[in-house]
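Take the sequence shown: its position 260, counted from the start at 1, is 263 in the numbering used here, and no numbers get skipped.
No residue lacks a Cβ here, since even glycine has one placed at the ideal position from N, Cα and C.
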Amino acid sequence: MSSMKQLRFWVNGEVVEEANVSPTTTLLNYLRYHLHQTGTKEGCAEGDCGACTVAIIDPDAPNGPTYRAVNSCLVLLPMVQGKEIVTVEGLKQGKQHHPVQEELVQALGSQCGYCTPGVIMSMFEACYRDDLNEDWKLDDQMCGNLCRCTGYRPIMDATRKVAGTRPNDRFVEALDKAESRSMDLVYEHGEQRYFNPTTFDELWDTLDKHPDARFVVGGTDLSLEVTKQFKTLPLLVSLEGIRDLKRLESSEDEWHLGASVVLSDVEAAVSSTLPALERMLRFFGARQIKNRGTVGGNLCTASPIGDLAPVLLSLGAKATLRSRQGTRQISLDDFFLGYRQTALQQGEILDSIQVPIPRTQDQDIRSCAYKVSKRQELDISTVSAGLYVRLSASGEVETARFAFGGVAATPARASLVEQAIVGKPWTSETLEQALPLLEQDFTPIDDHRGSAWYRRKVASNLLRGFFLETQNEGQPRLPYRPTGTVALEVTS
Ligand SMILES: Cc1cc2nc3c(=O)[nH]c(=O)nc-3n(C[C@H](O)[C@H](O)[C@H](O)COP(=O)(O)OP(=O)(O)OC[C@H]3O[C@@H](n4cnc5c(N)ncnc54)[C@H](O)[C@@H]3O)c2cc1C
Ligand code: FES
Ligand code: FES
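Have a look at this one:
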């Protein structure tokens with residue numbers, strides 16, 4: 004089968020075919036400067052403000068076709084190959100505004116109006132979601148939309164009114180009719196090339212011809228090189244079109260997280276079985292970022308402050324790597340080799356992550372995750388932690404996995420502290436005796452987010468908080484509070 008050579012996608016129901024723009028053109032710029040649909044705004048061009056939010060239909064979402072609010076400033080045009088996009092211009096029907104527009108007007112939710120199109124599009128996703136059943140989920144839905152002048156109360160009042168209402172309209176009809184189309188594409192423009200292979204064989208063939216190609220999936224990391232560093236990125240291979248990398252499934256014992264699964268789907272899927280992972284994802288970026296950012300994208304950057312690594316390390320996850328030769332499985336501990344360096348070899352990709360499910364009824368497992376950053380929402384971790392202990396029937400530590408981000412060149416385990424407590428009773432005395440070993444476990448950096456002293460101090464305090472917090476509930480769920488918060492029952 005010959006591959007598609009041109010871009011083909013739909014905007015507000017109209018097909019768009021394009022063969023003459025750079026593949027690193029962002030969807031935002033294409034909407035504004037090529038289609039002259041200027042309702043969608045640019046604020047930051049780095050995924051922080053939400054002014055550029057549009058909705059994309061995902062026909063293959065785990066619970067059926069759904070709208071996903073995304074930051075169009077970080078979406079490169081080939082990423083919407085075969086997809087249907089809804090922008091703020093597409094909501095009105097005749098003279099009738101969409102209910103989300105009506106409600107925002109009624110709540111006086113707009114002043115200068117610059118943020119408003121983005122706010123509307125996040126509310127639009129909320130309108131068609133059926134899982135916004137807790138108040139913190141509304142905050143999570145809207146936290147990626149900054150507003151300088153209206154104030155968030157009216158915006159949240161309007162959102163509360165429309166969330167989950169799912170009017171029986173043409174947008175529901177569009178979901179019912181949504182087709183799962185191939186993303187297949189071999190696109191060339193000047194010196195730039197962009198490939199969307201849809202099978203592993205096509206991927207390996209592409210890599211044989213272009214061994215220097217860079218991978219991309221959601222683009223929430225890589226697109227910043229375009230929008231902030233103005234790089235050309237001559238050769239990109241997207242892994243987004245390969246369906247097998249989007250498998251998200253569990254057995255009784257284990258979750259299989261395909262490398263290209265988006266984080267909002269992971270967050271929803273694991274809430275009852277991996278509360279520590281859900282808790283970390285609540286404070287991972289904003290809804291628009293989690294709707295595009297993937298498991299593989301987060302781990303493969305091997306950032307020392309990537310938020311998935313500590314919690315997955317603490318849960319004892321394994322990584323499956325895939326190349327033309329087949330697959331190999333390694334412990335996630337062996338995946339991070341050095342600063343931004345992974346165990347992936349040339350021609351090899353991350354296929355998936357396997358996460359053992361701690362049996363939630365067991366009182367002998369304590370597991371939690373914490374993220375400490377300067378702001379609650381949308382901030383980079385200063386220190387993050389995934390902490391896990393398994394106790395014997397008589398209360399001694401059988402297994403300890405204490406993993407931290409922000410304290411070393413890679414996400415790392417506090418091995419000396421772990422070793423010092425194994426076999427000992429799980430008490431605050433045991434912990435206090437072991438904590439000085441953190442000095443030898445890590446040599447944190449000093450930077451504007453925190454001094455080395457501060458980072459070590461926070462790491463010790465998170466371990467203390469973990470000990471206290473998990474006394475009553477082995478795997479506490481606190482997705483509605485900052486993850487650095489420890490929930491304690493105060494007894495007088
Ligand atoms: C506003 C904003 C907020 C953010 N907040 C957070 C946060 O709170 N916590 C956090 O940890 N991160 C955060 N990020 C970073 C980013 O969103 C995440 O790391 C995300 O998971 C990246 O996934 P992606 O698919 O978008 O990666 P991409 O940008 O598509 O790819 C990133 C890199 O991973 C490689 N890659 C991807 N998949 C594979 C694979 N299967 N095999 C081999 N290589 C692969 C690519 O080659 C590329 O170099 C944020 C980013 C932004 C812009
Ligand atoms: S322009 Fe700010 S998030 Fe896209
Ligand atoms: S109404 Fe002015 S930024 Fe929100």
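Closest Cα partner of residue i within the set the options
i	options	result
Asp143	Leu466, Arg163, Leu94, Gly85	Arg163
Lys374	Asp337, His213, Leu353, Thr488	Thr488
Met186	Asp172, Asp208, Val83, Glu228	Val83
Phe405	Arg331, Ala417, Glu399, His213	Ala417
Arg325	Leu302, Asp336, Asp354	Asp354
Ile292	Ser370, Cys55, Leu34	Cys55
Ala411	Glu399, Pro313, Cys150, Ser395	Pro313
Met7	Arg282, Thr119, Asn199	Asn199
His192	Leu236, Cys150, His213, Leu149	Leu236
Ile352	Thr385, Gly409, Gly261, Glu281	Gly261
His153	Ser113, Asn32, Phe12	Checking the sequence, you will find Thr at residue 153 rather than His. For the residues Ser113, Asn32, Phe12, the minimum Cα distance to Thr153 belongs to Ser113.
Ser384	Asp247, Glu105, Thr29, Ala372	Ala372
Ala423	Leu381, Gly408, Glu401, Gln474	Glu401
Leu266	Asp337, Pro65, Gln9, Thr29	Pro65
Glu442	Val425, Val420, Ala129	Val420
Val425	Ile448, Val392, Asp208, Asn294	Val392
Contact set for residue i: own chain, Cβ-Cβ below 8 Å, skip 5 residues either direction
i	result
Asp256	Pro359, Ile360
Lys140	Asp134
Arg480	Ser274, Pro278, Glu281, Arg282
Leu491	Leu471, Glu472
DSSP-derived helix/strand/coil call for residue i
i	result
Trp207	helix
Ser334	strand
Gly468	helix
Gln232	coil
Ser241	strand
Gly477	coil
Arg369	strand
Tyr70	strand
Tyr33	helix
Ala271	helix
Glu20	strand
Lys164	helix
Leu316	helix
Ala423	helix
Ser25	coil
Ser226	coil
Gly53	coil
Ala412	coil
Limits of the unbroken beta strand (DSSP E) element including residue i
i	result
Phe339	339-341
Glu106	Here Glu106 belongs to no beta strand (DSSP E); instead the alpha helix (DSSP H) covers 102-109.
Tyr391	386-394
Tyr190	188-192
Lys321	321-326
Ile360	Premise fails: Ile360 is in no beta strand (DSSP E) and is neither H nor E.
Trp13	10-14
Leu77	It is not in any beta strand (DSSP E) - Leu77 carries neither H nor E in the DSSP assignment.
Ile292	Where Ile292 is concerned, there is no enclosing beta strand (DSSP E), although the alpha helix (DSSP H) it sits in stretches over 290-293.
Leu260	257-261
Gln96	Note, Gln96: premise wrong, no beta strand (DSSP E); not H, not E.
The alpha helix (DSSP H) enclosing residue i, as first and last residue numbers
i	result
Asn301	298-303
Lys249	Lys249 -> no alpha helix (DSSP H), and no H or E assigned at all.
Glu128	119-131
Ala177	173-180
Glu49	Counting along the chain, Glu49 falls outside any alpha helix (DSSP H), and DSSP gives it neither H nor E.
Leu135	Note, Leu135: premise wrong, no alpha helix (DSSP H); not H, not E.
Thr433	431-437
Gln195	Here Gln195 belongs to no alpha helix (DSSP H); instead the beta strand (DSSP E) covers 195-199.
Contact set for residue i: own chain, Cβ-Cβ below 6 Å, skip 5 residues either direction
i	result
Asp61	Thr69, Arg71
Tyr197	Pro26, Pro81, Tyr190, Leu239
Arg11	Glu20
Asn74	Gly50, Cys55, Gln291
Val78	Leu30
Spatial neighbours of residue i in its chain, beta-carbon cut-off 7 Å, leaving aside the 5 residues before and after
i	result
Leu111	Pro157
Ala305	Phe339, Arg343, Gln344, Thr345, Thr413
Val220	Ser241, Leu242, Glu243, Ser263, Thr297, Gly299, Gly300
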